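When you line the sequence shown up against my numbering, it's residues 15 to 145, in that order.
Contents: one structure, followed by commentary.
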Amino acid sequence: MGDRTPAETLRAAAALVRETGSAATQGPWRVVKHYRRLYPGVLATVEIRKGDRVKSISVKTPGEIADAEWNALACPELAEPLADLIDLGPEMLAAFPDLARQHVEEVCDDLACQMLAKLRAVAKVLLGETP
């Protein structure tokens, strides 16, 4: 993992996002909070809609509500635009070779440098590497 170039890291992360997103149940996903008196022991459900079918995941503790809301936010429809955004990193590196040589490890005030650093940080988190 650590032997990849910055461009390879970004491409691997974009591919992972596309692969994972395309394999998941398509949304829209949303969190629906229920009252205890209606559903004992269930504080909320994450609803995943596919056509007329609804798949629900129960949330039983307050701490799980934020997790459910995050999961609903990161639905599979986000995968392709996120992967496209990550794919801009290797394109930037190819278009501006000085960016790769001078700015890969040390972020400066240049907007392109900052953007590339953020894209690399996202890629490393997605790949399970330390940002």
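Where is the CB? At the ideal position from N, CA and C, for every residue including glycine.
Note that the structure is a prediction, hence the values are computed from the model and not measured.
- Message: Applying the 10 Å Cβ sphere with the 16-neighbour rule, what's the burial state of tryptophan 97?
- Response: Note on identity: in this sequence residue 97 is alanine, with tryptophan being the wrong assignment. Buried, because 16 or more other Cβ atoms sit within 10 Å of the Cβ of alanine 97.
- Runs of alpha helix (DSSP H) wholly within the segment 43–125 (minimum 4 residues, chain order): Those alpha helix (DSSP H) runs which fall completely within the segment 43–125 and span 4+ residues are 76–87, 93–109 and 111–117.
- Message: Counting beta carbon pairs with one atom in the segment 26–38 and one in the segment 78–93, are three or more of them shorter than 8 Å?
- Response: Verdict: yes, contact present.
- Query: How about the segment 20–32 and the segment 124–140: do they share at least three Cβ pairs that are nearer than 8 Å?
  - Reply: Here the segment 20–32 makes contact with the segment 124–140; the two share three or more CB pairs at distances below 8 Å.
- Task: Counting only the same chain and skipping the five closest in sequence on each side, list residues whose C-beta sits under 7 Å from that of alanine 86.
- Result: So the qualifying residues of the chain are Trp43, Arg44, Val45 and Val60.
- Closest Cα partner of leucine 102 within the set Leu24, Thr75 and Thr144: Selected option, being the one with the closest Cα: Leu24.
- Locate the alpha helix (DSSP H) running through arginine 18, then write down its first and last residues. Per DSSP, arginine 18 belongs to no alpha helix (DSSP H) and is neither H nor E.
- Going by Cα to Cα distance, which pick from Cys127, Lys132, Ala88 and Leu130 is closest to isoleucine 62? The closest CA to that of isoleucine 62, considering only Cys127, Lys132, Ala88 and Leu130, is found on Ala88.
- Message: Rounded to whole angstroms, what is the Cα-Cα separation between alanine 82 and alanine 58?
- Response: Approximately 8 Å between the Cα atoms of the pair.
- Task: Please state whether DSSP places glutamate 33 in a helix, a strand or coil.
- Result: DSSP places glutamate 33 in the helix class (H, G or I) of the three-state scheme.
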